[in-house]
Each structure stands twice: as C-alpha cells, then as structure tokens.
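See below for the structure under consideration.
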Amino acid sequence: TSDKTAMDVPSTPPPMNLTQDDLKRIAAYKAVDFVRSGMVLGLGTGSTARHAVDRIGELLRQGKLSDIVGIPTSKKTQEQALSLGIPLSDLDAHPVIDLSIDGADEVDPRLNLVKGRGGSLLREKMIEGASKKFVVIVDESKMVKHIGGSGMALPVEVVPFCWKFTAEKLREVMEGYGGCEAKLRLGGEKGKAFVTDNGNYIVDMYLEKDMGDLWAVSDAILRLPGVVEHGMFLDMASTVIIAGELGVKIKN
Ligand code: 5RP
C-alpha cells in the first residue's frame, strides 16, 4: 500500500572521488546483480538505465547471462539494446515481466517516484507496472522529501489535439493541490514541441507547493480527457538502489 515504510539495508564501503555518472553506473551495475538467465527484463530509459543495459549486453557477450528477453521502454533504449545484441520483445508477447530496471527523476522516502523528464513515462509505466520486481537506480541527488516539491517538473503526457485546452485543465485541477504552472515541453525540431515515442506531447507541471495526497492528485489528473498518463509512479518500486559519496544504499 502507499503507506509502506521503506527499509534501509546497510551501506557498502564508500567509493572515493566519483562523478555523478560513476554513481549512476554503480547503482546500475548493482541492479544488474538481480538479473538471472532466462529472465524477461524491462529495460529502462535515461542516462542511469543506459549503464544497466550496457552491463546486461556485456554479461550476455561474456556468456555470463543467457536466454534474456528485453522489453525496451523507449525507441532509444530499443536501439541501444539492439546494438548490444540483446534479444527484444514486447508486452503483447510477454505480459508478465520478471524484473525491470530504470532510473527516476525523484524518489521520496516511501519510494514513490517522479519519472518522465526524459519523456518515456508512458511506456515505462506500462512495462514497469507489469513487472514482478521493479528496481529503481539513482544517484543520491534524486532523493527528495516530497515528490514534485523540488521545483522541478512533474511531466504529463497529453494528446497533441488542443493541448492548450488540456494544459489549462491541468492547471485548474492543480489549483486544488497547491497550484502549478503548466508548460508545453519544447525540444522537437526547430524549437517545436517535444514529441514522445507515442506521438504525444508533454506538459510539464511546475508545482508551487507539495501536492499533499498523491493518489488524489493522480486520480484527478487521469480523469481529464486529453491526458494520457502522468509521471508519478506511486507504490510501484520494489527496490531503490541509491549510489552516493558514502556508498550504496538499498531501500525495499
Ligand atoms: C525517462 C525517465 C528517466 O528514468 C529519468 O528521467 C531519469 O533519467 P536519468 O537517469 O538520465 O537521470 O523517467 O522518461
């Protein structure tokens, strides 16, 4: 349930002088320790998940893993996995996934997440929601007291049709949960809208305050016609691996 309490597993010895990318790689490699031959794996998206996919490819090449089927959460990850020779499939063929590994933008003490600043939240939520185990990999900068409270965006995938209307509805709904500014994400060709792998747009909600009841916010957002999915991943993570200057922590 959403009021589960995360359990700390003691830290491993401190690594020294590490970059943020080193921390991402350390968390990713630790997550790949959970992978066994024969598993169907959800392959995440982003600079942290990328290290996990590389590692899986490496272990397959070395013959230390076999019979893996990867289910990529984005076209980008699909390309990466194909270049590494990881056999791929999809949710239609594999509706139950053994293990998914992915990064996150924010993680709260109850292991609720914000995801989607890379724009892949819909496929991530479908695939990670179909996983028996979902391991989240982050460096310590992603840990927050309240998700959406860090002044960063909470992404919402919307259909392009009359996206301004949907963005305004999102802003109105969020008035009941502390308020937000709702902005279309740019980054497509010639400064146009960013387009997701599903042909949709992203409206980034910049929150003014903590949202309070996250499930209530989730329901309210999902009730809006025009909204496809939002980037709050509530009660979905089984384990979070956090790499920091003082070592690696695992929260279950
Ligand atoms: C993409 C995501 C990513 O997992 C999230 O943005 C974290 O990315 P990174 O590991 O690059 O910080 O949700 O949609």
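The opening position of the sequence shown corresponds to residue 11 in full-length UniProt numbering, with each subsequent residue numbered one higher.
By construction, the Cβ of each residue, glycine as well, lies at the ideal position given by its N, Cα and C atoms.
The beta strand (DSSP E) spanning residue i covers which residue range?
i    : result
L164 : A163 to V168
Let me check one thing: in DSSP terms, what residues is residue i bridge-paired to?
i    : result
S93  : Beta-bridge pairing links S93 to no other residue.
M215 : L164 and A192
V79  : V50
V258 : A253
Return yes when the Cβ of residue j is within less than 8 Å of the Cβ of residue i, no when it is not.
i    : j    : result
P97  : L53  : no
T206 : L132 : yes
G188 : G222 : yes
M215 : A192 : yes
I147 : A247 : no
M136 : L101 : yes
V117 : V166 : no
K34  : S57  : yes
T87  : V106 : no
G236 : C172 : yes
V250 : K40  : no
S47  : S76  : yes
F44  : V145 : yes
G158 : L121 : no
L180 : L234 : yes
R65  : V42  : yes
L51  : D108 : yes
M153 : I260 : no
A177 : L164 : no
D115 : V124 : yes
H156 : D220 : yes
Where do the N-terminal and C-terminal ends of the alpha helix (DSSP H) with residue i fall, by residue?
i   : result
I66 : A59 to R71
K40 : Q30 to V42
Contact defined as beta carbons within less than 8 Å: I believe residue i pairs with residue j. What is the distance between those atoms, to the nearest angstrom?
i    : j    : result
S110 : S130 : Actually they are not in contact, since the Cβ atoms of S110 and S130 sit about 12 Å apart, beyond 8 Å.
D149 : G241 : Actually they are not in contact, since the Cβ atoms of D149 and G241 sit about 19 Å apart, beyond 8 Å.
F183 : Y211 : Reading off the sequence, residue 183 comes out as Val, not Phe. Going by Cβ atoms, the distance from V183 to Y211 rounds to 17 Å, so no, they are not a contact pair.
R60  : Q30  : Between Q30 and R60 the Cβ distance is about 13 Å, and since that is not below 8 Å, they are no contact.
Please go through the region 92-174 and give each complete alpha helix (DSSP H) segment of 4 or more residues, from N-terminal end onward.
131-139
What are the uninterrupted segments assigned as beta strand (DSSP E) that are 3 or more residues long and contained completely in the region 202-251, given in chain order?
Taking only runs of at least 3 residues, the beta strand (DSSP E) segments lying wholly in the region 202-251 are 211-217 and 237-240.
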